[in-house]
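Read the sequence shown against my numbering and you will find it ends at 275, with the numbers running on by one and no gaps.
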Amino acid sequence: MNLAYETLVVGPMSNNVYFLVDQESKECVIVDPSFLPQTQLNYIEEKGWMLRQIWITHGHFDHIAGVKAISEAFDPPVPIVMSLESFGWAKANPPTGMYGIRMDEVPRVDIPLKHGMWLGINPESDEKVVEVRDVSGHNPGSVIFYCTQLKIAIVGDAIFKDSIGRTDLAGSDHEQLLKNIREQIYTLPEDTILLPGHMDATTVGHEKRFNPFVRA
Ligand SMILES: [Zn+2]
Numbered sequence: 060m061n062l063a064y065e066t067l068v069v070g071p072m073s074n075n076v077y078f079l080v081d082q083e084s085k086e087c088v089i090v091d092p093s094f095l096p097q098t099q100l101n102y103i104e105e106k107g108w109m110l111r112q113i114w115i116t117h118g119h120f121d122h123i124a125g126v127k128a129i130s131e132a133f134d135p136p137v138p139i140v141m142s143l144e145s146f147g148w149a150k151a152n153p154p155t156g157m158y159g160i161r162m163d164e165v166p167r168v169d170i171p172l173k174h175g176m177w178l179g180i181n182p183e184s185d186e187k188v189v190e191v192r193d194v195s196g197h198n199p200g201s202v203i204f205y206c207t208q209l210k211i212a213i214v215g216d217a218i219f220k221d222s223i224g225r226t227d228l229a230g231s232d233h234e235q236l237l238k239n240i241r242e243q244i245y246t247l248p249e250d251t252i253l254l255p256g257h258m259d260a261t262t263v264g265h266e267k268r269f270n271p272f273v274r275a
């Protein structure tokens, strides 16, 4: 296994779509497939990758808009991996057709995410590539994917460089988010690169020192 990650920025909210790739087997996972699923499918094809799973950090529409189209572009459909809490929230709060872009709902969950579980790139393997940590607060059932080998954590909208996820939205809980950032993100090694759902990457060390919302 020779892991790498890549970032593709798509759509009107400049979502960061991440790919975790095993450069030996060419198998990959896509995280938070946002708007413009065909752009993401083309990217995978151009790279010569084989998509094995779709991982979702949380249920907001800009992180799940491409899930159905990308899953169903393959036969059999690519497994969808999401917490049941986020899935339930997304079902109860369907996208509203903002930006005039078609947004499909997530059709099903094939592998329910749970705090503390480990995932491999290929769902058939028992390789431990990322640890799943619950960071609910911005959205119920939000998770991060922590990859020890690459020293990265894909954090969705839980934390941003010098900022944190919004907590004025339906289902948000500000205190819970702060607690989870402290307990689930700030406990990672300081040099861990945090890859958020929007904007620039940062590190655990930087945020512990400079994040004005959550001091370590
Ligand atoms: Zn969000």
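Heads up, the beta-carbon is just placed ideally off N, CA and C, and yes, glycines get one too. Computed from a prediction, not measured in an experiment: that's the story for all the values here.
As assigned by DSSP and simplified to three states, the class of residue i
i	result
G118	coil
N74	strand
T226	coil
F269	helix
E242	helix
H174	coil
I129	helix
V263	helix
A151	helix
F94	coil
H233	helix
Where residue i falls, given that 16 or more other Cβ within 10 Å makes a residue buried
i	result
K127	buried
T246	exposed
G107	exposed
P166	exposed
Through-space distance from residue j to residue i, alpha-carbon basis
i	j	result
F120	G175	25 Å
V214	L254	6 Å
C87	L79	5 Å
K85	S195	32 Å
S201	D193	6 Å
Q112	G125	13 Å
P92	M141	12 Å
H257	D216	7 Å
R225	L237	11 Å
P71	F94	8 Å
L67	N75	6 Å
L228	K150	15 Å
M60	Q235	36 Å
I296	V90	With the chain covering 60 to 275 only, the question about residue 296 has no answer from this structure.
Same chain, Cβ closer than 6 Å to residue i, five either side skipped, listed in chain order
i	result
E190	W177, Y205
M109	K85, E86
W148	G118, P199, G230
Same chain, Cβ closer than 7 Å to residue i, five either side skipped, listed in chain order
i	result
T261	K220, L253
DSSP bridge partner residues for residue i (one or two, in chain order)
i	result
L79	Y64, V88
E190	W177, Y205
M162	Partner(s): none; M162 has no beta bridge.
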